[in-house]
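**Student:** In the working numbering, the protein residues as written are 14 to 147.
Here it is, the structure in full.
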Amino acid sequence: MAQLFSDAWMNQLKDAWNMEPEVRDRLAEINFSSVITCGFKNEPNPRGVFVVEQGTCVRAGSWNGEAPNWDMRADKTDWMKWIEKPLGMASMGMAFTMGKLKFLKGDFGAMIKDPRMAGPFVKSFGLMSKIGGE
Numbered sequence: 014m015a016q017l018f019s020d021a022w023m024n025q026l027k028d029a030w031n032m033e034p035e036v037r038d039r040l041a042e043i044n045f046s047s048v049i050t051c052g053f054k055n056e057p058n059p060r061g062v063f064v065v066e067q068g069t070c071v072r073a074g075s076w077n078g079e080a081p082n083w084d085m086r087a088d089k090t091d092w093m094k095w096i097e098k099p100l101g102m103a104s105m106g107m108a109f110t111m112g113k114l115k116f117l118k119g120d121f122g123a124m125i126k127d128p129r130m131a132g133p134f135v136k137s138f139g140l141m142s143k144i145g146g147e
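Put into structure tokens, the structure is as follows:
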């Protein structure tokens, strides 16, 4: 099992993303393209990067200075909890409201109100649970 947000882990997530039509195809329908980074709240820089073009992840791996459109942060214990039991729409809203899931870049409020983005975003947390992590 790969370490959370490592190059290997991010590439496993990329493969899972690209094989999931409820994520890839739904985001392609709205021409979603973004640089997504993720990491831990107590660190200045993200750990992983995920580059999406027209719904498809074209590159993923360790963060190397890429400027994000979305930067998600949480404590490692919370990330691991969400890998064990993925967030749903309600629990994601609660995690955001309670400050467990932070967006240093990106507009969580606008995204969660748009079902064309919210559904695939929630589904992406389910993909994390499929690959696990340590």
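Every residue, glycine too, gets a C-beta built ideally from N, C-alpha and C.
Remember, predicted model here, so these are calculated numbers, not experimental data.
Are F134 and M141 close, meaning C-beta to C-beta below 8 Å?
**Tutor:** Contact: no.
**Student:** Determine the direct distance from the alpha carbon of K136 to that of P128, and round the result to whole angstroms.
**Tutor:** In a straight line, the C-alpha of P128 is about 12 Å away from that of K136.
**Student:** What's the C-alpha gap between C51 and V62?
**Tutor:** If I take the Cα positions, the gap works out to 7 Å.
**Student:** Can you tell me which of the three DSSP states R72 falls into?
**Tutor:** Correct three-state label for R72: strand.
**Student:** What is the rounded straight-line gap between the Cα of W83 and the Cα of R60?
**Tutor:** Using only the alpha carbons, I get a separation of about 13 Å.
**Student:** Which ranges does the beta strand (DSSP E) cover as unbroken runs of at least 3 residues, wholly within the stretch 58 to 138, from first to last along the chain?
**Tutor:** You should have 61 to 66, 69 to 75, 83 to 87 and 115 to 118.
**Student:** Taking DSSP as the reference, what is the three-state secondary structure of I144?
**Tutor:** In the structure shown, I144 sits in a helix (DSSP, three-state: H, G or I).
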